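Reminder that position 158 of the sequence shown reads as 282 in the numbering used here, one-by-one numbering, no gaps. For every residue, glycine included, the Cβ atom is placed at its ideal position computed from N, Cα and C. None of the values given here were measured: they were computed from a predicted structure.
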Amino acid sequence: MKKLFKSLATLFAVVLLVSSFANTSVSAAEQTRNCVPKKIMWGKTELKSGQLGKVTILKETKLYSLKDNKLAAGKTLPAKGEYRVYSFKKAAGAELYGVGGGSYVKKDSLIKYETPSKRKLAELKAAACVENEGGFLWKAEKNGNTVYMLGSIHVGIEEYYPLNSKIMNAFNKSQNLVVEANILNVDPYEIQQFIMEKGVYTDGTTIEDHISKELYTKLGAALDEYGMDINKLKQFKPWYMNMLLEGLVPMDPKYNPELGIDYQLLSNAGKKKIIELEGMDFQLNMMANFSDKMQIRLIEDFLKTERSGNEIEPLIKAWQYSDDAAIEKLVFDIPDNSPEYKEYMTEMFDKRNMGMANKIEQYLKAGNKQTYFVVVGAGHYFGDMSVIKLLERKGYKIEKIQ
Numbered sequence: 125m126k127k128l129f130k131s132l133a134t135l136f137a138v139v140l141l142v143s144s145f146a147n148t149s150v151s152a153a154e155q156t157r158n159c160v161p162k163k164i165m166w167g168k169t170e171l172k173s174g175q176l177g178k179v180t181i182l183k184e185t186k187l188y189s190l191k192d193n194k195l196a197a198g199k200t201l202p203a204k205g206e207y208r209v210y211s212f213k214k215a216a217g218a219e220l221y222g223v224g225g226g227s228y229v230k231k232d233s234l235i236k237y238e239t240p241s242k243r244k245l246a247e248l249k250a251a252a253c254v255e256n257e258g259g260f261l262w263k264a265e266k267n268g269n270t271v272y273m274l275g276s277i278h279v280g281i282e283e284y285y286p287l288n289s290k291i292m293n294a295f296n297k298s299q300n301l302v303v304e305a306n307i308l309n310v311d312p313y314e315i316q317q318f319i320m321e322k323g324v325y326t327d328g329t330t331i332e333d334h335i336s337k338e339l340y341t342k343l344g345a346a347l348d349e350y351g352m353d354i355n356k357l358k359q360f361k362p363w364y365m366n367m368l369l370e371g372l373v374p375m376d377p378k379y380n381p382e383l384g385i386d387y388q389l390l391s392n393a394g395k396k397k398i399i400e401l402e403g404m405d406f407q408l409n410m411m412a413n414f415s416d417k418m419q420i421r422l423i424e425d426f427l428k429t430e431r432s433g434n435e436i437e438p439l440i441k442a443w444q445y446s447d448d449a450a451i452e453k454l455v456f457d458i459p460d461n462s463p464e465y466k467e468y469m470t471e472m473f474d475k476r477n478m479g480m481a482n483k484i485e486q487y488l489k490a491g492n493k494q495t496y497f498v499v500v501g502a503g504h505y506f507g508d509m510s511v512i513k514l515l516e517r518k519g520y521k522i523e524k525i526q
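Dropping the structure here:
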């Protein structure tokens with residue numbers, strides 16, 4: 125049976141894509157699109173929601189990817205080409221324009237950057253869908269405090285935007301934005317230090333001593349496909365080796381971490397207070413503390429699963445069409461009773477959900493007349509041990525808005 129490839133973490137020091145152990149079935153809800161917006165052209169390219177601007181290539185220039193805070197040159201972009209820009213960042217001693225799919229161009233004399241005019245933005249707004257119905261949103265209230273809970277997906281598509289008015293109205297009312305981890309405030313050096321402390325064998329052994337010869341051979345072959353030499357990496361433990369493998373798999377460019385729900389809301393938080401429910405350290409520690417068998421199972425599953433770059437599509441569609449049944453099926457309807465699967469679900473969902481529910485209860489009890497907008501992976505709101513069920517068992521009335 126095919127499995128939906130849902131990673132524990134994608135690119136090193138970037139963003140967690142929460143999940144695994146899932147199948148690819150999609151409900152009939154995806155058969156009907158919400159709407160088909162009119163295309164608004166801006167020069168040679170279509171102007172899209174969520175787009176910051178565009179770059180025009182004046183002279184041939186390189187396209188780059190960013191790994192471990194280092195630039196890796198990719199294909200050459202021809203002169204006169206135009207590319208949508210979704211983000212801007214400073215890294216590896218350069219100023220970079222994000223053009224989607226984890227790719228960047230350098231800010232230099234070889235390119236020209238432009239932002240859309242007010243007229244173009246007005247055209248785009250007028251041509252947009254009447255309402256975008258995607259997403260999962262709940263509301264709880266107590267003692268003058270309000271908590272909105274949005275189920276997110278950490279990789280998005282252009283069709284998600286603009287987010288529907290129910291989500292945006294709740295977001296705009298909130299003084300606090302609560303996320304699993306502030307992915308816009310990650311220190312690559314701190315994560316590198318963590319990896320060196322908890323992701324590397326320090327007893328003189330290597331991963332070759334901890335997995336079967338057959339698995340080691342398959343792992344070496346997989347790394348070789350991505351131009352990596354296992355002999356230079358075998359000091360790493362299986363949990364980090366799995367992260368590394370997942371980060372090497374190219375994703376279809378239409379699925380963009382910079383269009384992820386949490387990324388976009390963090391980018392537009394303005395003066396809202398940013399609160400972390402967990403933090404990157406917590407999430408990395410969770411993976412580092414998986415049992416040896418669990419860590420090895422992650423590598424085994426990675427090597428068994430065929431990848432096309434579109435494995436996340438069922439999850440993308442489930443969010444786009446607010447399909448509760450599809451989310452539950454993708455996350456929980458798995459014919460696997462192994463101890464490793466049970467450990468994964470306990471650590472990845474049950475324990476984390478309890479921690480999240482307890483913190484959300486603190487916001488409700490704070491009595492400070494504040495509104496909190498909580499954004500966590502959609503899977504945490506479904507199932508018998510979901511954040512929603514746990515809060516209801518504590519006596520809170522939860523209203524489903526979207």
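Asked, Found
"Leaving out five residues before and five after K513 in sequence, what residues of the same chain have Cβ atoms less than 8 Å from its Cβ?", "G507"
"Please report the residue range of the beta strand (DSSP E) in which N269 lies.", "269-276"
"Nearest to P286 by CA position, among G384, G351, R476, is which residue?", "G384"
"Nearest by alpha-carbon distance to N269: which of F497, A502, R517, G501 is it?", "F497"
"For the stretch 213-225 against the stretch 380-394, do three or more pairs of beta-carbon atoms, one drawn from each stretch, fall closer than 8 Å, so that the two count as touching?", "yes"
"Within the chosen definition, does the stretch 354-362 reach the stretch 316-327 through at least 3 CB pairs nearer than 8 Å?", "yes"
"So, under 8 Å CB-CB, K397 and Q299 are touching, yes? Tell me the CB distance rounded to an integer number of Å.", "6 Å"
"My output table needs one value for Q155: the three-state DSSP class, helix, strand or coil.", "Its pLDDT being 29, under 50, Q155 is placed unreliably by the model, and the measurement read from it follows with that caveat. If DSSP states are grouped into helix, strand and coil, Q155 belongs with the helices."
"Report yes or no: do the stretch 385-393 and the stretch 229-241 share at least 3 C-beta pairs separated by less than 8 Å?", "no"
"What residue from K249, L234, S289 has the CA that sits closest to L261's CA?", "S289"
"Do you know whose CA, among E435, T341, N293, G167, lies nearest I525's CA?", "N293"
"Return the first residue and the last residue of the beta strand (DSSP E) that Y313 is part of.", "No beta strand (DSSP E) contains Y313, which is instead part of the alpha helix (DSSP H) from 312-322."
"Rounding to the nearest angstrom, what Cα-Cα distance links K493 and Y520 in this structure?", "17 Å"
"Please report the Cβ distance between T185 and V229, rounded to the nearest whole angstrom; I am assuming they are in contact, meaning their Cβ atoms lie under 8 Å.", "6 Å"
"Across which residues does DSSP place I512 in a beta bridge pair?", "Answer is none; I512 lacks a bridge partner."
"Leaving out five residues on either side along the sequence, give the residues of the same chain with a beta carbon under 6 Å from the beta carbon of A442.", "A450, I451"
"Distance check for L190 and Y350, CA to CA, integer angstroms please.", "16 Å"
"By the 10 Å Cβ neighbour count, where 16 or more other Cβ atoms means buried, how is L427 classified, buried or exposed?", "exposed"
"If contacts are defined as beta-carbon pairs under 8 Å, then M273 and Y445 qualify, I think. What distance do you get, rounded to the angstrom?", "About 19 Å separates the two Cβ atoms, so there is no contact after all."
"Going straight from the alpha carbon of V302 to that of A251, what length do you get?", "32 Å"
"Is the beta carbon of Y188 sitting closer than 9 Å to the one on G198?", "yes"
"Apply the 10 Å Cβ neighbour rule to Y284 and answer buried if 16 or more other Cβ atoms are within range, or exposed otherwise.", "buried"
"What residue ranges within the stretch 452-498 form continuous beta strand (DSSP E) runs of no fewer than 3 residues, ordered along the chain?", "none"
"Can you give the Cα-Cα distance for L515 and G491, rounded to whole angstroms?", "17 Å"
"Hey, I291 and M365 are a contact pair by Cβ (cut 8 Å); roughly how many whole angstroms apart?", "No, I291 and M365 are not in contact; Cβ-Cβ is about 37 Å, not under 8 Å."
"Which residue from G371, A346, E304, G167 puts its Cα closest to that of G479?", "E304"
"Please report the Cβ distance between S510 and N477, rounded to the nearest whole angstrom; I am assuming they are in contact, meaning their Cβ atoms lie under 8 Å.", "6 Å"
"For N306 and E400, which I take to be in contact (beta-carbon distance under 8 Å), what is that distance rounded to the nearest angstrom?", "6 Å"
"Could you check whether G501 and I277 sit closer than 9 Å to each other, using their CB atoms as the reference points?", "yes"
"With which residues is T169 paired in a DSSP beta bridge?", "W166"
"Would the beta-carbon of K410 fall within 9 Å of that of E471?", "Here residue 410 turns out to be Met, not Lys, going by the sequence shown. Against a cut-off of 9 Å, the Cβ pair of E471 and M410 comes out as a contact."
"For E219, write down the residues that DSSP places opposite it in a beta bridge.", "K214"
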